[in-house]
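For reference, the structure is listed below as structure tokens.
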Amino acid sequence: MKKFLLTFSACVPLFAFSQGEVKVTFTNNKTISLPMEAVDSMLSEPNQQVFHLSYSSDEVKNISFSKMVSEKDVDLKASDKPQPFNQLFSMSAETKEIIVYASFADGANPIIPLLPKTESFVPSFSTSGSYIFINGKAWKEGDEVKIGKNIEVKVAAYNGDVRTYHFDAVTPSCPIIEIKTNGLSTDWSDLKSISVDGKSLDACKIKVKGDSYDSSKKNSFNIKFDSKQEILNITKNKRWTLEANAGDHACIRGLLGYEIANRVSGSWNPQAKEVVLIMDGYYYGFYLISEQPRVCKGRVEEGIVMCIEDAPDEGDDYFQSQLFNSLFIMKDPNTGMDGAKLVRTREVVEKLEQAIAAKKWSQVHSMLDIQSVAEWTVVNEVAKNDKSFGSDTYIYMDDDKKIHFIPSTQSAKAFNADSDTEGFTAYDRNWVSLLKDDSDFNSALKKAFEKVKSAETDILAWIDKKADQNAGDALANSYSSSYNSETYKNEIANLKDWLSARIKWLSSEWK
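Take the sequence shown: its letters are residues 207 to 717, numbered as in our numbering.
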């Protein structure tokens, strides 16, 4: 006897047998029942449960489906009727220079960032629908779309039901760095080309910052030019960092750390500028281009630059102090693991740590710039930087063998509006945990903190100004499909509230 085999497929969390029926409960709590005697087989997959229903041919009179509506008969003025077959999941936007991806999950209205002077692009959609209309016109694969805001996309199901989506296609407000690589890794590799705002720069190398590279995450990068280069009016040098804003939807926290450092300290701090990174034709999003502390005119004028880190990268020259077990990476100049400069620097650090441990403050003052340590502590405590004295802590030893701290910090992961505003980080760690018993250090600390406290209103106004400038790039950069202008405003408001509460708590501790 001939049988008809019907396949029923549904994304469901649960199915059960009951009184000769298969009951299917959907995630929207709707339930349908299928006759148990007709179930031929079932297949459970990660994303769906598949049911095969089998009926005798003499039991089936006819099989019919909902009427298919032609593209020209879709009523674009009809009210939206969301259903499984008119969903828009994601899209890519392609030009000759760049490919950008965006998600429409959770009702998002994404922002598609394209290069300056771009007038149109070719979109490609991932959808369950039968037809797509853009700004009221039928769209087919390969059609170009002009850039603009609030671009309307209507997705129509086979029966004519429509669902409406919107997105913006805009050009970034920040300067653009375009890079073409020969591949990325934790080792230095030559770049094919690099340009900033359309201006080509000299040959350089690039490497992923840190000891590992994960292509699924937003990575920071170190850049090393063959000759000194000026970028966005920042002092010429060979060494630069592209700082990712991983986890910072506001796209402000990293720059905020530099802003506070500049308000606290009159000595040299690295400069940083907002940029948008395009790498190998793909949009990488919002970054900061920043100076690396190096010995040169306009940066650290003399001596040896070091960085306190939690672990060395392959090829680093470093030493570990005996008393405090801190790891010092030699950054500039190159010393070699057994070089005389490294050995002399280690001897100075060991002697300083012995003086700190013994609380011989007059000796400490002759070897350590107390004011710079106080300024560094304030910057990191205001940011509540959990990495302080464990990562990206830059110091240098001048020609007189005195050690200075560079107050600024890479703080995209600091200023955490979701964390408690109370508690110390830098103030209770390493050298500072003992230096706070020195009256001169405490005096310098309070003076440095007063600069932040008295400038709180100005700092909050600075955040508002930067938020207005960077809103479009921040929204385009977002990893969250549900991120929009309203959630961005909330992110900025939460950051400001957190910062004010943090300053208030520190004020109660540093009276």
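Each residue gets a CB set at the ideal place from its N, CA and C atoms; glycine is no exception. Bear in mind the structure is a predicted one, so any value in this text is a computation, not a measurement.
Asked: Just to confirm the assignment, what range does the alpha helix (DSSP H) spanning residue 369 have?; Found: Looking at the DSSP string, residue 369 is not in any alpha helix (DSSP H); the run it does join, the beta strand (DSSP E), is 368 to 376.
Asked: According to DSSP, simplified to helix, strand and coil, what is residue 552?; Found: helix
Asked: Report yes if the C-beta distance between residue 621 and residue 589 is below 7 Å; otherwise report no.; Found: yes
Asked: Locate the alpha helix (DSSP H) running through residue 571, then write down its first and last residues.; Found: 567 to 573
Asked: What first and last residue would you give for the alpha helix (DSSP H) that runs through residue 710?; Found: 691 to 715
Asked: What is the residue span of the beta strand (DSSP E) that residue 432 lies within?; Found: 427 to 437
Asked: State the start and end residues of the unbroken alpha helix (DSSP H) segment that holds residue 647.; Found: 645 to 660
Asked: For residue 354, report the span of its beta strand (DSSP E) as first-last.; Found: 354 to 362
Asked: Would DSSP call residue 306 helix, strand or coil?; Found: strand
Asked: When burial is assigned at 16 or more other CB atoms within 10 Å of the CB, is residue 638 buried or exposed?; Found: buried
Asked: Going by DSSP, what residues sit across from residue 515 in a beta bridge?; Found: 533
Asked: Going by beta carbon distance, what residues of the same chain come within less than 6 Å of residue 522, once the five residues before and after it are set aside?; Found: 535
Asked: Taking the alpha helix (DSSP H) that residue 638 belongs to, which residues open and close that run?; Found: 638 to 641
Asked: Residue 578 lies in the alpha helix (DSSP H); which residues open and close that run?; Found: 576 to 589
Asked: Going by DSSP, which residues form a beta bridge with residue 329?; Found: 299
Asked: Expressed to the nearest angstrom, what Euclidean distance is found between the alpha-carbon atoms of residue 301 and residue 377?; Found: 13 Å
Asked: Between which two residues does the beta strand (DSSP E) containing residue 407 stretch?; Found: Run containing residue 407: none; DSSP gives neither H nor E here.
Asked: Which two residues bound the contiguous beta strand (DSSP E) that contains residue 491?; Found: 488 to 497
Asked: What do you reckon, are the CB atoms on residue 411 and residue 393 nearer than 7 Å?; Found: no
Asked: Measure the C-alpha to C-alpha separation of residue 520 and residue 553 and round it to an integer number of angstroms.; Found: 24 Å
Asked: Quick one, which of 342, 424, 568, 550 has its alpha-carbon nearest residue 494's?; Found: 424
Asked: Is the separation between the beta-carbon of residue 716 and that of residue 652 shorter than 7 Å?; Found: yes
Asked: So the alpha helix (DSSP H) residue 464 belongs to, where does it begin and stop?; Found: 459 to 470
Asked: Measure the Cβ-Cβ separation of residue 360 and residue 368 and say whether it is below 7 Å.; Found: yes
Asked: At a cut of 8 Å, does the region 661 to 670 reach the region 622 to 629 through at least three beta carbon pairs?; Found: no
Asked: If distances are taken between C-alpha atoms only, which option among 485, 484, 487, 499 comes closest to residue 478?; Found: 499
Asked: Can you confirm whether the region 531 to 546 touches the region 453 to 472 when touching is taken to mean that 3 or more C-beta pairs between the two stretches lie within less than 8 Å?; Found: no
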